[in-house]
Amino acid sequence: MFFARILLSCLFLLSGLSNAVPAGQTGGVYLHPFYVSVSQVHENEKEKALEITCKIFTDDFEKILRKNYNSRVDLLDSAEKVSMGKLINNYIKAHFSISVDGKDCYLRFIGFEQDEEAVDCYFQVSGIAVDKTVAIVNNILFDYRPEQVNIVHVTAKGVRKSIQLINPDSKASFDFP
-8 MFFARILLSC LFLLSGLSNA VPAGQTGGVY LHPFYVSVSQ VHENEKEKAL EITCKIFTDD
52 FEKILRKNYN SRVDLLDSAE KVSMGKLINN YIKAHFSISV DGKDCYLRFI GFEQDEEAVD
112 CYFQVSGIAV DKTVAIVNNI LFDYRPEQVN IVHVTAKGVR KSIQLINPDS KASFDFP
């Protein structure tokens, strides 16, 4: 968990360097922004629930929400928290889904908060326990950038598994024997 947070922080930091000197000009190295989101699914065995967090760069997320919903979007404006929550809920549910042991799960939106240069979006699936398989469809921001990458971590039965989904590949399945 600690290593993943450090890696993600580095990626978020590097993404801010998109104004670096272009290649070919002296004194600089060409750096391009990263387009990445990180989703974590954690089985809470005691509560028989899945706890989901989707971490998405704020600027990219705002741009795709504006484009898809043709409305004013400011995820940092506390006065707009309720209306922004509705947009986030709609977008994530359209681009992220989970099934457990072949049964589709209903994502209940908990809320969202700013976390440095990203937005953490929280969801929960209640009344579920993982027997064998967790299947994920995650195409968050695939409609924004063709170079989008989504990292997915799933923890069930005390075991953590991860995958990197590179646009257009959006499906992953995790077995927990």
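Per the numbering used here, the sequence shown starts with residue -8, numbered consecutively. Just so it is clear, CB atoms sit at the ideal spot from N, CA and C, and this is done for glycine as well. Predicted model only: the values in this text are computed from it and were never measured.
Using the Cα positions of K39 and S153, report the straight-line distance between them to the nearest angstrom. Distance between K39 and S153, taken at the CA atoms: about 21 Å.
Which of helix, strand or coil DSSP assigns to Y82: Of the three classes helix, strand and coil, the one that applies to Y82 here is helix, per DSSP.
Using 8 Å as the threshold, is the segment 124 to 140 in touch with the segment 53 to 61, meaning 3 or more CB pairs across them? Segments in contact, yes.
Distance, E104 Cα to P168 Cα: P168 and E104: Cα-Cα distance of roughly 34 Å.
How many angstroms separate the CA atom of A70 from the CA atom of G76? Roughly 11 Å separates the two Cα atoms.
Pairwise C-alpha distance: Y82 and E34: About 23 Å.
Assuming S30 contacts T44 (C-beta within less than 8 Å), just tell me the rounded distance between them. About 7 Å separates the Cβ atoms of S30 and T44, confirming a contact at the 8 Å cut-off.
Along the beta strand (DSSP E) that carries Y60, what are the first and last residues, could you check? No beta strand (DSSP E) holds Y60; the alpha helix (DSSP H) holding it covers T49 to Y60.
Going by alpha carbons, who is nearest to L98 out of V73, D92 and F87? Nearest of V73, D92 and F87 to L98, Cα basis: F87.
Skipping 5 residues on each side, what residues in its chain have a beta carbon closer than 8 Å to that of E138? Counting only Cβ-Cβ distances below 8 Å, and skipping sequence neighbours, we find Y26 and N158.
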